[in-house]
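One structure is given below, encoded as structure tokens.
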Amino acid sequence: MRRVSTPAPVRHLYVHVPFCPSICPYCDFHVLTRQNGLVDAYLAQLDREAEQLAARYPVDLDTVYLGGGTPSFLRDAELAALVGSVQRHLGWGRKENTLEINPGTVSAARAAHWRALGFDRASVGVQSLDDPTLLFLGRRHSAAQARSAVEQLLAQDFRVSGDLITAVAGQPLEADIRGLHELGVGHISAYTLTIEPGTEFARRGVTVSEGDERRGFEVTAALLADLGYERYEISNYARPGQQSQHNLSYWHTQHYLGLGPGAAGHYPAAAPAVSMRRTNPHLHEWLAGETGEAEAVLPFDWVTDALFMGLRLREGVDLSDLSRRSGVDVARAYAPAIRSNLARGLLEQRGERLRATEAGWWILNSVITDFLELDLARA
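Convert by adding 1441 to the 1-based position in the sequence shown; the result is the number in my numbering.
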């Protein structure tokens, strides 16, 4: 296999674990319930794929992120085997190693085991601390289990991030936020309930009102600011030093490896491409050795991707840095879209730094559409 020539190593790894105890009615990720033999086959293929990635790319990891699915649903020996494959072929993150965790899978012994494996950050799918809201969302854990899970992880010295879903009708959102804060989490991710095609909620005709969506957006931001959390990304809030270093790699459009079925990766590539985007196939095709889709990301496409991701950040983007990395004079090429959104109060600019305002964050897809339309006009 030809090794990609690149001066800089890839520093971030995402591993997808597709197995879940049950499928939530709002979930549109690549997930499935456990079946006989599938986990063993998955672990064997994961080891082979990790070896292949190591042969193709120079790797020096800062962060590892196990997502899903429910990585904590793996049995202790299975998770140890997965970690062993990653460490043997690709190494381990020097700065941060995150495990996504379902509250119903946590015990004191398991939390200690995960910490011993080398995980230091836990992303916990709390979603709510209100039992009726959890029931509506199809979650199998209770509010009491969620609280206990967070406490046990903190006791093992994990940096803990709690996920919340907002915009659920009747949800006691302020109590959910204050509850996570009082438990002592250093990071909160708050995502609006979105009804995706093909999900159980879509089939049942569940809808989310714009009023609930707007309230969730505004109440979360205001209350978490009052409680001392910095909103460093449109949906993510952190105490000092608690930002997700792995997710920042996505928002800064850095290269990362994607390992496992359905995993996406953003890889180094030869000119004229700026990078290569690859998405692995779903489990059964992946087990058969299929490699999935690969797409060369050309300069203008890379810039619009970088703007879409970077404008999600409070700090925004550095236009000169995007120009250096892409070879595109970004300020000049996208001047009409920048001027238009500055005039509408959706963007603000100081020197080379361009960032979205609060109003721009609310309709960020519309802002990015203005940049995409310039790309279409050039095509």
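A virtual CB, placed ideally from N, CA and C, is assigned to each residue, including glycine.
Just to confirm my understanding: we take GLU1519, look at its own chain, exclude 5 residues before and 5 after, and list those with CB closer than 8 angstroms. What are they?
Here residue 1519 refers to the residue found at position 78 of the sequence shown. Cβ within range, chain order: VAL1480 and LEU1484.
Nearest neighbour of ARG1535, chosen from LEU1454, ASP1759, GLU1641 and ALA1643 [CA to CA]:
Within the sequence shown, numbered from 1, the residue matching residue 1535 stands at position 94. ARG1535 has its Cα closest to that of LEU1454, out of LEU1454, ASP1759, GLU1641 and ALA1643.
Quick one: grab the DSSP three-state call for SER1569.
Taking the sequence shown and counting its residues from 1, one reaches residue 1569 at position 128. Three-state DSSP puts SER1569 in coil, outside helix and strand.
Tell me, please, which residues DSSP counts as bridged to ASN1677.
Locating residue 1677 in the sequence shown gives position 236, where the first residue counts as 1. SER1630 and GLU1674.
Counting Cβ pairs, one atom from each stretch, are 3 or more of them under 8 angstroms apart for the region 1568 to 1581 and the region 1528 to 1542?
no
Identify every residue that forms a DSSP beta bridge with ARG1645.
Along the sequence shown, read from residue 1 onward, the residue named residue 1645 stands at position 204. ARG1645 pairs with nothing; no bridge assigned.
Three-way DSSP call (helix, strand, coil) for PHE1460 in this model
Residue mapping note: residue 1460 aligns to position 19 of the sequence shown, counting from 1. Strand at PHE1460.
Kindly indicate the opening and closing residues of the alpha helix (DSSP H) around VAL1527.
As a first step, residue 1527 is located in the sequence shown; it is residue number 86 there, counting from the start. Start and end: 1517 to 1530.
Under 6 angstroms Cβ to Cβ from SER1761, same chain only, skipping five residues before and after it: list those, please.
Residue numbering aside, residue 1761 sits at position 320 when the sequence shown is read from its first letter. Closer than 6 angstroms at Cβ, skipping near neighbours: GLU1793.
Of all the options ARG1580, GLU1490 and ILE1809, which has the alpha carbon lying nearest to the alpha carbon of PRO1822?
This structure gives no information on residue 1822, because the portion of the chain shown stretches from 1442 to 1820.
Could you check what DSSP says for ARG1785 in three-state terms: helix, strand or coil?
Stepping through the sequence shown from its first residue, residue 1785 is reached at position 344. If DSSP states are grouped into helix, strand and coil, ARG1785 belongs with coil.
Could you name the residues of the same chain whose beta carbon sits closer than 6 angstroms to that of GLN1593, not counting the 5 residues immediately before and after it, in chain order?
Counted from its first residue, the sequence shown places residue 1593 at position 152. Closer than 6 angstroms at the Cβ level, and outside the excluded window around GLN1593, lie VAL1547, ALA1549 and ALA1552.
Bridge partners of LEU1752, per DSSP?
Within the sequence shown, residue 1752 is the residue found at index 311, counting from 1. Its beta-bridge partners do not exist; DSSP assigns none.
For LEU1815, I'd like the list of residues in its chain whose CB is within less than 8 angstroms of its CB, leaving aside the five on either flank, ordered along the chain.
Indexing the sequence shown from 1 puts residue 1815 at position 374. Closer than 8 angstroms at the Cβ level, and outside the excluded window around LEU1815, lie ALA1774, TYR1775, PRO1777 and ALA1778.
Would you list the one or two residues that DSSP bridges to TYR1697?
Locating residue 1697 in the sequence shown gives position 256, counting from the first residue. In the DSSP output, where bridge partners are listed per residue, TYR1697 has HIS1707.
Candidates LEU1523, LEU1700, PRO1638 and THR1607: which alpha carbon is nearest THR1661's?
Within the sequence shown, numbered from 1, the residue matching residue 1661 stands at position 220. For the residues LEU1523, LEU1700, PRO1638 and THR1607, the minimum Cα distance to THR1661 belongs to THR1607.
Going straight from the alpha carbon of ALA1557 to that of LEU1531, what length do you get?
Taking the sequence shown and counting its residues from 1, the one referred to as residue 1557 is at position 116. Taking the sequence shown and counting its residues from 1, the one referred to as residue 1531 is at position 90. Cα-Cα distance, rounded: 19 angstroms.
Among residues of its own chain, excluding the 5 on either side of SER1764, which ones have a beta-carbon nearer than 8 angstroms to its beta-carbon?
The residue labelled residue 1764 in the question sits at position 323 within the sequence shown. Only ASP1770, VAL1771 and ALA1772 meet the Cβ criterion.
Whole-number beta carbon distance between GLU1659 and THR1633, since they are thought to touch under 8 angstroms:
Looking up residue 1633 in the sequence shown gives position 192. Looking up residue 1659 in the sequence shown gives position 218. THR1633 to GLU1659, Cβ: 11 angstroms. No contact.
One question on the structure: do TRP1727 and PRO1709 come within less than 8 angstroms of each other, judged by their Cβ atoms?
Locating residue 1727 in the sequence shown gives position 286, counting from the first residue. Locating residue 1709 in the sequence shown gives position 268, counting from the first residue. Result no, Cβ atoms of TRP1727 and PRO1709 do not sit closer than 8 angstroms.
Reference PRO1512, options PRO1466, VAL1472, ALA1585 and SER1602, closest by Cα:
To locate residue 1512, count along the sequence shown from 1; it is residue 71. When each option's Cα is compared against that of PRO1512, the closest is VAL1472.
Minimum Cβ-Cβ distance from ARG1581 to chain C less than 8 angstroms:
The structure shown contains no chain C; it holds only a single protein chain.
What residue range does the alpha helix (DSSP H) around VAL1480 cover?
The residue you call residue 1480 lines up with position 39 of the sequence shown. Segment 1479 to 1497, the alpha helix (DSSP H) holding VAL1480.
From LEU1595, SER1589 and HIS1622, pick the residue whose C-alpha is nearest to that of LEU1605; which is it?
Within the sequence shown, residue 1605 is the residue found at index 164, counting from 1. Checked all of LEU1595, SER1589 and HIS1622; the closest Cα to LEU1605 is HIS1622.
At which residues does the beta strand (DSSP E) containing PRO1542 begin and terminate?
By 1-based counting over the sequence shown, the position of residue 1542 is 101. Note that residue 1542 is Ile in the sequence shown, not Pro. Looking at the DSSP string, the run of the beta strand (DSSP E) that includes ILE1542 is 1537 to 1542.
Taking buried to mean at least 16 other C-beta atoms within 10 Å of its own C-beta, is SER1569 buried or exposed?
Taking the first residue of the sequence shown as 1, we reach residue 1569 at position 128. With 16 or more Cβ atoms within 10 Å of its Cβ, SER1569 is classed as buried.
Identify the continuous beta strand (DSSP E) that holds VAL1472 and give its terminal residues.
Residue 1472 sits at position 31 when you count from the first residue of the sequence shown. Looking at the DSSP string, VAL1472 is not in any beta strand (DSSP E), and its letter there is neither H nor E.
Give the straight-line distance between the Cα atoms of GLY1733 and ARG1588, rounded to the nearest whole angstrom.
For the purposes of this step, residue 1733 is taken as the residue at position 292 of the sequence shown. For the purposes of this step, residue 1588 is taken as the residue at position 147 of the sequence shown. Each residue's alpha carbon lies about 39 angstroms from the other.
State the beta-bridge partners of GLY1559 as determined by DSSP.
Walking along the sequence shown from the start, residue 1559 turns up at place 118. DSSP, once it has assigned bridges, lists no residue as partnering GLY1559.
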